[in-house]
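Colleague: Numbering (the numbering used here), first residue to last: 10 to 220.
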Amino acid sequence: MKTDDLINLLAQDAPVRTRIGKVLALSVIAGILISGGIFFAMIGFRADIGSAIETVRFLFKFVVTIALAATACAVVFRIGRPGVSLRIWGWTLLAAPLLLLAAAAVEMAVMPADSWSARMIGHNARFCLTLIPLLSIGPLACFLFALRHGAPERPGLAGAVAGLAASGIAATFYASNCTDDSPLFVLLWYPMAIAMVTAVGYVIGRRILRW
Numbered sequence: 010m011k012t013d014d015l016i017n018l019l020a021q022d023a024p025v026r027t028r029i030g031k032v033l034a035l036s037v038i039a040g041i042l043i044s045g046g047i048f049f050a051m052i053g054f055r056a057d058i059g060s061a062i063e064t065v066r067f068l069f070k071f072v073v074t075i076a077l078a079a080t081a082c083a084v085v086f087r088i089g090r091p092g093v094s095l096r097i098w099g100w101t102l103l104a105a106p107l108l109l110l111a112a113a114a115v116e117m118a119v120m121p122a123d124s125w126s127a128r129m130i131g132h133n134a135r136f137c138l139t140l141i142p143l144l145s146i147g148p149l150a151c152f153l154f155a156l157r158h159g160a161p162e163r164p165g166l167a168g169a170v171a172g173l174a175a176s177g178i179a180a181t182f183y184a185s186n187c188t189d190d191s192p193l194f195v196l197l198w199y200p201m202a203i204a205m206v207t208a209v210g211y212v213i214g215r216r217i218l219r220w
C-alpha cells in the first residue's frame with residue numbers, strides 16, 4: 010500500500026481521530042499540571058507579584074506567552090492527524106511574535122535610547138535560559154507521547170511544534186517569576202529559550218514519531 014493511500018485511510022477513520030483528540034487534550038492538561046507543579050515546588054512567584062500585576066509590562070508578558078501556548082497547542086492538535094491542513098493554523102503562530110515586536114517598538118518609542126541596552130540585557134537572562142527549558146520537559150514529553158498515538162506526516166515538524174507548545178506553557182509560568190518585564194528583554198531572551206526547546210522537540214520527533 011502506498012503511503013498516500015494509508016494516509017487517506019487513516020484520515021477517514023473517525024474513531025481514530027476521536028481517540029487522538031482525547032489523548033492530545035489530556036496531554037495539554039497533564040503538561041500544564043506537571044509544569045505548574047515543578048514551578049510552584051521549586052520556583053514560585055516573584056516577591057513583588059502583588060504590585061507587579063498592576064503594571065502593563067508585566068501583564069503583557071502573559072498576553073505573548075499565552076498566545077504562543079494557545080496557537081501552538083492548536084497546531085499540535087492538527088499535526089498529529091494525517092490529511093489535516095495546517096495552512097491557516099500555521100499562520101496563527103505568528104500572533105505571539107508580532108505582538109511582542111509591536112510591544113518592543115512601543116517600548117523603544119517611549120523610553121530613552123540610552124536605556125534600551127540595559128532593558129534588553131536585564132538581570133535574569135541565565136534564569137530565563139535555564140528555567141523555561143526545565144519547565145518545558147514535562148509538557149514536551151506529554152505532547153510527544155500523545156503524538157505517538159497519531160500519524161504525523163512530518164515527524165520532525167510535529168516534534169518542533171510540540172516543543173513550541175511546551176515552551177509556551179513553560180514561559181507562561183516563568184513570566185510570573187521573572188522580574189524583567191521590558192518587552193525588549195522578552196524579545197531577546199525568551200525566544201532563545203523557546204528555540205532550544207523547539208530544536209530538541211524537532212530532533213526527538215524525527216526519531217520517535219516516524220510511522
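Just so you know, even glycine gets a beta-carbon here, dropped at the ideal spot from N, CA and C.
None of the values given here were measured: they were computed from a predicted structure.
Would you kindly report the start and end of the unbroken alpha helix (DSSP H) that includes residue 8?
Modeller: Only positions 10 to 220 of the chain appear in the structure, and residue 8 is not among them; the question remains open.
Colleague: Is it buried or exposed for residue 59, if we count other Cβ within 10 angstroms and need 16 for buried?
Modeller: Counting from 1 along the sequence shown, the entry for residue 59 is found at position 50. Burial call: exposed.
Colleague: Taking the CB atoms as reference points, tell me whether residue 168 and residue 212 lie closer together than 9 Å.
Modeller: As a working mapping, residue 168 is identified with position 159 in the sequence shown. As a working mapping, residue 212 is identified with position 203 in the sequence shown. Contact: yes.
Colleague: Compare the beta carbon distance of residue 70 and residue 206 with 9 Å and say whether it is the shorter of the two.
Modeller: The residue you call residue 70 lines up with position 61 of the sequence shown. The residue you call residue 206 lines up with position 197 of the sequence shown. No, Cβ-Cβ distance for residue 70 and residue 206 is not below 9 Å.
Colleague: Cα separation between residue 9 and residue 200?
Modeller: This structure cannot speak to residue 9, because the chain is shown only from 10 to 220.
Colleague: Give the straight-line distance between the Cα atoms of residue 131 and residue 139, rounded to the nearest whole angstrom.
Modeller: Numbered from 1 along the sequence shown, position 122 holds the residue referred to as residue 131. Numbered from 1 along the sequence shown, position 130 holds the residue referred to as residue 139. In a straight line, the C-alpha of residue 131 is about 15 Å away from that of residue 139.
Colleague: Is residue 164 closer than 9 Å to residue 96 when the C-beta atoms are compared?
Modeller: As a position in the sequence shown, residue 96 is number 87, starting the count at 1. As a position in the sequence shown, residue 164 is number 155, starting the count at 1. No, the Cβ-Cβ distance between residue 96 and residue 164 is not below 9 Å.
Colleague: Nearest to residue 215 by alpha carbon, out of 161, 193, 174 and 189?
Modeller: Position 206 of the sequence shown holds residue 215. Measuring from the Cα of residue 215, the nearest candidate turns out to be 161.
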